[in-house]
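Peer 1: Submitted below is the structure of interest, expressed as structure tokens.
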Amino acid sequence: MRVPLHELVRTSIRDRILSGDLAPGDALPSEAELCARFGASRGPIRQAMSALSAEGLIETSQGRVPTVTRAPLAQSIDDFFSFSAWVSAIGHRPGQHTIELALRRPDPVLASQLRIETDDLAVQLLRIRSIDGEPAMLERTAFVAEVGRLLFDFDTDAGSLFDYLIDRGVPLDHGEHTIDAIAADAVDSEHLHVAQGTPLLRVRRVTTSADGDVLEVSDDRYRTDRADLVVRNARTHQPQRPFVARQLTTATDRPDQGSTS
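See below:
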């Protein structure tokens, strides 16, 4: 299947931004230059610019050449560590602002995720996570009550919940992540400063103890112009059967079969 021309242009420019070849503040080639480079009319070029602008990668204005805004930061989910630790490790300033911290009975979906009953209690947290003071992710987290109650003795705007809970002896040992995309709802729109319907990158996590007990579930929604997710794979085991090269034989190698009459 042929890739649409506007998508080819978008991908080419996006890759240059993400690789650092085009830095924040750099001007993109003019519309005429892009038309000549890709053998395209103005329509596909403008479609590509519109898509890049919607991602927050470029800034466009009437009568001016588009310029690069910033490249999203890449977060690896190979290792299990906090948002704060990741942002600090790559040389940026993490931040958080708590919108809600509440002890309440879960709805049936959340109860099922936490493996508790709807009559039990859960602690639910809604926080904005920021990078260098700008909103990057909206965090919806829920804990089983015995873990979540610890948060009422902690300033949830002060730092990493992950580190605090581990210091308090909570065995946050394993995390299972599910990654997909979702359209921003009214809550996302308000706190991430994006229009409703804007595509967001979503990571749903289930955190368990070494014994498999569910301790926390989360739904983290990232602005796509603030963060990318990276998964690195390595081949860690050998094939079940060793590879054996098959020796090819020629006609002269084969024994005579003798003809029968």
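Position one of the sequence shown corresponds to residue 120 (this note's numbering), numbered consecutively onward.
Ideal Cβ positions, reconstructed from N, Cα and C, are used throughout, including at glycine.
Which same chain residues, not among the five before or five after Q315, have their C-beta less than 7 Å away from its C-beta?
Peer 2: For Q315, where only same-chain residues beyond five positions count, the Cβ hits under 7 Å are A303, D304, A305, S308.
Peer 1: Is E90 buried or exposed, if buried means 16 or more other CB atoms sit within 10 Å of its CB?
Peer 2: No statement about residue 90 is possible, as the shown extent of the chain runs from 120 to 380 and does not include it.
Peer 1: When the Cα atoms are used, what is the spatial distance from A65 to S207?
Peer 2: For residue 65 there is no data in the structure shown, the boundaries of the chain being 120 and 380.
Peer 1: Put T217 into one of helix, strand or coil per three-state DSSP.
Peer 2: In the structure shown, T217 sits in a strand (DSSP, three-state: E or B).
Peer 1: Using the rule of at least 16 other Cβ atoms within 10 Å of the residue's Cβ for burial, across every protein chain shown, is Q346 buried or exposed?
Peer 2: The sequence shown places Ala at residue 346, not Gln. The residue is buried, with at least 16 neighbouring Cβ atoms inside 10 Å.
Peer 1: Enumerate in chain order the residues of its own chain whose CB-to-CB distance from D251 is below 6 Å, with the five nearest sequence positions on each side excluded.
Peer 2: Cβ within range, chain order: H211, R212.
Peer 1: So, do the stretch 270-281 and the stretch 227-236 have three or more beta carbon pairs nearer to each other than 8 Å?
Peer 2: Not touching, per the Cβ criterion.
Peer 1: Looking only at C-alpha atoms, which of T237, D286, L222 sits nearest to A260?
Peer 2: The amino acid at residue 260 is misidentified as Ala; the sequence shows Thr. If we check each option's Cα against that of T260, L222 comes out closest.
Peer 1: Measure the C-alpha to C-alpha separation of H293 and G214 and round it to an integer number of angstroms.
Peer 2: Near 24 Å, if we compare the C-alpha coordinates of G214 and H293.
Peer 1: Quick check on the burial criterion: 16 or more other C-beta atoms within 10 angstroms. Buried or exposed for D339?
Peer 2: With 16 or more other Cβ atoms within 10 Å, it is buried.
Peer 1: Can you tell me where the beta strand (DSSP E) holding L320 begins and where it ends?
Peer 2: That run of the beta strand (DSSP E) goes 318-327.
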